[in-house]
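Residue numbers (the UniProt record's numbering): 1 to 89. Each residue gets a CB set at the ideal place from its N, CA and C atoms; glycine is no exception. In what follows, a structure is listed as structure tokens, so that the remarks can point back to it.
Written out as structure tokens, the structure reads:
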């Protein structure tokens, strides 16, 4: 798989290779919903952890871990949802 294709200005369009995305666009709905649901799960887990624990039993590492995992999954999930509905970012 080549990432950089050497094409000059004078190359006819019939000789150029077709662009193939790394992720099949038919997977956008599945990936978008799955990753967003996983992110919402970790976000809910974080909220429950914050509400049920006292300030003496909370750990900063756990809070950062839950929030980071939730934000990464939700961010990538929302990216695929945007691609799914036609907002190409």
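DSSP, read as helix, strand or coil, puts residue 59 in coil. Taking the Cβ atoms as the reference, residue 83 lies roughly 5 Å from residue 28, within the contact range of under 8 Å. DSSP, reduced to helix, strand and coil, places residue 49 within a helical segment of the structure shown.
In this structure, residue 35 places its C-beta atom within 8 Å of the C-beta atom of residue 73. One thing to note: residue 43 has its Cβ within 8 Å of the Cβ of residue 70.
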